[in-house]
Amino acid sequence: AGMAVGLAGLFLESHPDPANAKCDGPSALPLAKLEQFLTQIKAIDDLVKSFDELDTEN
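If you count the sequence shown from 1, position 53 lands on 60 in the numbering used here, and the numbers rise without skipping.
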């Protein structure tokens, strides 16, 4: 959601085997899925940044 509104940063946790991680496993993205996830996030970021800035003053 952050990338869809133009945020410039992303924080995530990844682990080779989240089910067996010593901590934060339930919130960790499987390492094998990281490249696909980041590719999709980058596409969303590129799309959002291609839009003209919305003039909210008028």
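All C-beta atoms in this analysis are idealised placements derived from N, C-alpha and C, irrespective of residue type, glycine included.
Sorted by chain position, which residues of the same chain lie with C-beta nearer than 7 Å to G32's C-beta, five sequence neighbours on each side aside?
H22, P25, A26
Where A11 and L38 are concerned, what is the direct C-alpha to C-alpha distance, given to the nearest angstrom?
A11 and L38 have their C-alpha atoms spaced approximately 23 Å apart.
If distances are taken between C-alpha atoms only, which option among K29, C30, S34, A28 comes closest to F18?
Of K29, C30, S34, A28, the residue nearest in Cα terms is S34.
Bridge partners of P23, per DSSP?
Answer by DSSP bridge pairing: none, since P23 is not bridged.
In whole angstroms, what separates the C-alpha of A15 from that of L61?
So the alpha carbons of these two residues sit roughly 17 Å apart.
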